[in-house]
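In this note's numbering, the protein residues as written are 2 to 153. C-beta: ideal position from N, C-alpha, C; glycine also.
Below you can see the structure in the form of structure tokens.
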């Protein structure tokens with residue numbers, strides 16, 4: 002698969018998120034819980050997401066994956082319980098869109114890393130995946146995931 006790779010210069014982005022360390026097989030359950038809690042909190046405050054849901058990955062340990070699930074928001078929102086208002090930091094990001102199952106994103110990551118190195122950049126080690134659609138159980142819908150790697 003060929004990836005269209007872009008260099009983005011992004012501003013700070015507030016987000017309401019939930020973070021956990023868990024085995025990779027618990028990821029779907031965690032995302033469901035986190036996104037449900039975030040949407041309930043936003044609804045209670047009369048707020049709306051300012052973008053698509055994301056997952057932030059802070060390591061690649063499949064037995065103890067450090068992951069954050071969230072939605073961008075238009076302003077800082079008070080923390081509540083496990084929900085924290087964070088700021089996705091401003092800076093340069095290398096980005097592409099992967100079309101296909103979530104478990105087949107590795108080539109997209111490889112393409113981003115290779116592009117970064119070839120252009121004098123180094124990824125920070127954090128990865129953001131923005132889920133542009135939700136195929137659910139409809140096999141005719143292809144998952145679209147925007148992957149962003151912040152650069153040093």
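Check, Outcome
"Work out the CA separation of residue 85 and residue 77 for me, nearest whole Å.", "10 Å"
"In three-state DSSP terms, what is residue 142?", "coil"
"Distance check for residue 131 and residue 145, CA to CA, integer angstroms please.", "9 Å"
"Specify, as a first and last residue, the run of the beta strand (DSSP E) that residue 19 falls within.", "14-23"
"Spell out a yes or no on whether the stretch 95-112 and the stretch 39-55 are touching, meaning 3 or more CB-CB pairs, one atom from each, closer than 8 Å.", "no"
"Ignoring anything shorter than 4 residues or poking outside the stretch 79-153, list the alpha helix (DSSP H) runs there in chain order.", "107-119"
"Do three or more CB pairs link the stretch 26-40 to the stretch 105-125 at distances below 8 Å?", "no"
"Tell me the residue span of the beta strand (DSSP E) that contains residue 69.", "66-73"
"With DSSP collapsed to three states, give me the class of residue 37.", "helix"
"Inspect the CB distances between the stretch 19-29 and the stretch 63-71 and report whether three or more fall short of 8 Å.", "yes"
"Residue 51 by DSSP, collapsed to three states: which one?", "coil"
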